[in-house]
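Below you'll find the structure, written out as structure tokens, and then a few comments.
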Amino acid sequence: MKFMRGVKDGIPIALGYVSVAFAYGVLAREHGFPLWFPILVSLTNFTGTGQAAGTDLIAAGAGILELFTTMLIINIRYTVMSLSLSQKMGEGFPLWQRLVVAFGVTDENFAVAVRQPNKLTFPYLSGLIACSYFGWVSGTVLGAALGDIFSDALMSAFGIALSAMFVAIIVPPARENKSILFLVLLSVAASCAFYFIPYLNRVPSGWTIILCSVVCTAVVSLLFPHAEPETSEPKEKDDDA
Numbered sequence: 090m091k092f093m094r095g096v097k098d099g100i101p102i103a104l105g106y107v108s109v110a111f112a113y114g115v116l117a118r119e120h121g122f123p124l125w126f127p128i129l130v131s132l133t134n135f136t137g138t139g140q141a142a143g144t145d146l147i148a149a150g151a152g153i154l155e156l157f158t159t160m161l162i163i164n165i166r167y168t169v170m171s172l173s174l175s176q177k178m179g180e181g182f183p184l185w186q187r188l189v190v191a192f193g194v195t196d197e198n199f200a201v202a203v204r205q206p207n208k209l210t211f212p213y214l215s216g217l218i219a220c221s222y223f224g225w226v227s228g229t230v231l232g233a234a235l236g237d238i239f240s241d242a243l244m245s246a247f248g249i250a251l252s253a254m255f256v257a258i259i260v261p262p263a264r265e266n267k268s269i270l271f272l273v274l275l276s277v278a279a280s281c282a283f284y285f286i287p288y289l290n291r292v293p294s295g296w297t298i299i300l301c302s303v304v305c306t307a308v309v310s311l312l313f314p315h316a317e318p319e320t321s322e323p324k325e326k327d328d329d330a
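If you read the sequence shown in this note's numbering, its first letter stands for residue 90, the second for the next number, and so on.
Structural data, given as structure tokens:
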């Protein structure tokens with residue numbers, strides 16, 4: 090699988106990332122961060138949800154423990170994705186290539202790569218990652234640099250892009266799986282509770298994310314346990330002596 094094949098498959102992802110990353114660049118500038126800050130974050134990170142949440146927490150003056158725990162919970166899913174992706178990777182990936190691939194694992198890149206019928210090669214994965222990464226960094230640069238030029242109304246419209254991305258990711262699986270739908274509704278209810286209910290709304294936003302994530306996931310795990318496929322054991326033949 091060639092490098093340009095990966096680039097071609099990454100173009101739709103890159104185009105989608107531009108608008109979302111633009112919104113992130115605008116968000117960071119609205120929080121008062123200098124121009125270089127969102128660009129540096131996007132260069133060294135590749136996680137839209139984590140970057141947005143982390144920037145909000147830093148702007149709110151969150152502590153290191155709160156920031157670390159929130160990022161761990163938000164991004165730990167990439168560990169599972171990387172393990173799954175490694176099963177489709179061909180032989181002969183040295184450590185530095187595995188590190189490059191691990192850095193480039195996102196929800197969209199994983200979804201495209203895991204659907205490939207053949208074993209994944211480093212040229213293909215590097216093309217896919219490079220293309221989508223370019224879209225993400227470019228969008229951040231544009232949003233951070235040009236955000237002050239546009240009107241507040243237009244900035245608000247761009248700002249909803251992050252929320253729209255989350256909705257686009259959540260809705261399709263929620264329509265097909267009742268446990269995911271229940272998790273989404275429970276998470277919304279929990280978030281509203283921490284926002285509107287007195288005393289609960291005093292909890293810092295970072296800990297709100299942590300508590301909602303852990304509690305809602307635990308509840309859904311108890312109510313909708315994963316059913317292991319039944320394996321039928323071969324019947325032992327009786328030895329007639």
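Glycine residues also receive a C-beta, built at the ideal position from the N, C-alpha and C atoms.
Original post:
Would a C-beta distance cut-off of 8 Å place GLY114 and GLY228 closer than the cut-off?
Top reply: yes
Original post:
Where does LEU124 fall in DSSP's three states?
Top reply: coil
Original post:
Excluding the five sequence neighbours on either side, which residues of its own chain have a C-beta within less than 7 Å of the C-beta of LYS91, listed in chain order?
Top reply: PRO212, TYR213
Original post:
Are VAL190 and MET170 touching if we call contact CB-CB under 8 Å?
Top reply: no
**OP:** Out of ILE162, ALA233, GLY99, ALA219, state which residue places its alpha-carbon closest to the alpha-carbon of VAL130.
**Re:** ALA233
Original post:
For the stretch 278-287 against the stretch 296-308, are there 3 or more C-beta pairs whose distance is under 8 Å?
Top reply: yes
Original post:
For the alpha helix (DSSP H) that contains THR158, what are its first and last residues?
Top reply: 153-164
Original post:
According to the Cβ coordinates, are ASN198 and ILE102 closer than 8 Å?
Top reply: yes
Original post:
Looking only at DSSP bridge pairs, what is LEU209 linked to?
Top reply: MET178
Original post:
Which residues in the same chain have their Cβ closer than 6 Å to the Cβ of GLY137, if we skip the five residues on either side of it in sequence?
Top reply: VAL109
**OP:** Within 10 angstroms of the Cβ of LEU188, are there 16 or more other Cβ atoms? Answer buried if so, exposed if not.
**Re:** exposed
Original post:
For ASP328, which three-state DSSP category applies?
Top reply: Residue placement at ASP328 is poorly supported in this model, since its pLDDT is 49, which falls under 50; the coordinates still yield a value, given next. Residue state, collapsed to three classes: coil.
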